[in-house]
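In this note's numbering, the protein residues as written are 1018 to 1299.
Structure, rendered in structure tokens:
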């Protein structure tokens, strides 16, 4: 447009004349809510004039026409297999109190199947803080899966926030076999489907509640080590509850929601423990 905009949102058949006044590409919508015929007329006018455009059938929120709006997009694509179509997804990601990772995954699956060319993604509601990044990951996953003719699996963990595909790498019996071979006092922590497993040369202790393990760990006189075990067991409990993968000394993975993790702090408790023991021996 005159202000330098590339796209003009949104014009209907009643306001289409504005497109003749500016260079921006208009996004066409129905003149009345849910009216495909009015959208078709606007499209035909642009096709006749040769003016570039993008059509948007409008995705409605849940209980306010969602399923019918999906049908509109399907009809629009079937009638015009070669035009540019846009879908604004904020009416679902912003107006549904649910984690947006799954919503974005499903929507971009539909977008991929319908060959929709453009998406308007927003991040306004606090719970949709990562919605735009999720949309980018979702589009890449669906594009790659479509190109490969495959299901959208094993392309990225970015949208796996709460759970993992294979959370428990060892069973309880396997962990017992590993624990039996340990000859040093350092604690190892693993998680199986049965719960948390903490072991060193003095034994193997199992629980689903970290507090139940404290009497067996004998770290009453080692505050730094107790602090470290508390942090790790908290992570292990969360991983067990949510069916996530737990790896000792590593942050839990939350997909796109993961925050950068500085690995240096995990060493601090060891240095503090050494100094504490040195001071006690003097």
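For glycine and all other residues, C-beta sits at the position ideal for the given N, C-alpha and C.
Would DSSP call residue i helix, strand or coil?
i: residue 1220; result: strand
i: residue 1024; result: strand
i: residue 1264; result: coil
i: residue 1043; result: strand
i: residue 1214; result: strand
i: residue 1105; result: strand
i: residue 1074; result: coil
i: residue 1088; result: helix
i: residue 1055; result: helix
i: residue 1156; result: helix
i: residue 1209; result: strand
i: residue 1146; result: coil
i: residue 1273; result: helix
Taking the beta carbon of residue i as the centre, do at least 16 other beta carbons fall within 10 Å, making it buried, or is it exposed?
i: residue 1167; result: exposed
i: residue 1117; result: buried
i: residue 1261; result: buried
i: residue 1077; result: buried
i: residue 1030; result: buried
i: residue 1180; result: exposed
i: residue 1272; result: buried
i: residue 1035; result: exposed
i: residue 1122; result: buried
i: residue 1044; result: buried
What is the C-beta distance between residue i and residue j, in whole angstroms, given that I count them as a contact (C-beta under 8 Å)?
i: residue 1263; j: residue 1208; result: 4 Å
i: residue 1109; j: residue 1120; result: 5 Å
i: residue 1087; j: residue 1135; result: Going by Cβ atoms, the distance from residue 1087 to residue 1135 rounds to 17 Å, so no, they are not a contact pair.
i: residue 1163; j: residue 1142; result: About 29 Å separates the two Cβ atoms, so there is no contact after all.
Return yes when the Cβ of residue j is within less than 9 Å of the Cβ of residue i, no when it is not.
i: residue 1156; j: residue 1204; result: no
i: residue 1105; j: residue 1132; result: no
i: residue 1054; j: residue 1063; result: no
i: residue 1237; j: residue 1243; result: yes
i: residue 1176; j: residue 1199; result: no
i: residue 993; j: residue 1221; result: Because the chain is modelled from 1018 through 1299, residue 993 falls outside the range shown and cannot be assessed.
i: residue 1138; j: residue 1152; result: yes
i: residue 1189; j: residue 1223; result: yes
i: residue 1048; j: residue 1059; result: yes
Considering Cα atoms alone, identify which of the options is closest to residue i.
i: residue 1212; options: 1200, 1250, 1220 and 1177; result: 1250
i: residue 1266; options: 1052, 1106 and 1245; result: 1245
i: residue 1201; options: 1190, 1218 and 1185; result: 1218
i: residue 1046; options: 1089, 1230, 1195 and 1038; result: 1089
i: residue 1066; options: 1033, 1240 and 1268; result: 1033
i: residue 1051; options: 1276, 1084, 1115 and 1068; result: 1084
i: residue 1038; options: 1048, 1049 and 1021; result: 1021
i: residue 1226; options: 1220, 1216, 1255 and 1235; result: 1255
i: residue 1080; options: 1171, 1252, 1095 and 1112; result: 1112
i: residue 1097; options: 1234, 1151, 1056 and 1188; result: 1056
i: residue 1178; options: 1190, 1224 and 1148; result: 1148
i: residue 1184; options: 1142, 1269 and 1095; result: 1269
i: residue 1259; options: 1100, 1210 and 1044; result: 1210
Can you determine whether any heavy atom of the ligand NAP sits closer than 8 Å to the C-beta of residue i, and answer yes or no?
i: residue 1241; result: Absent from the structure shown: the ligand NAP. Ligands present: none.
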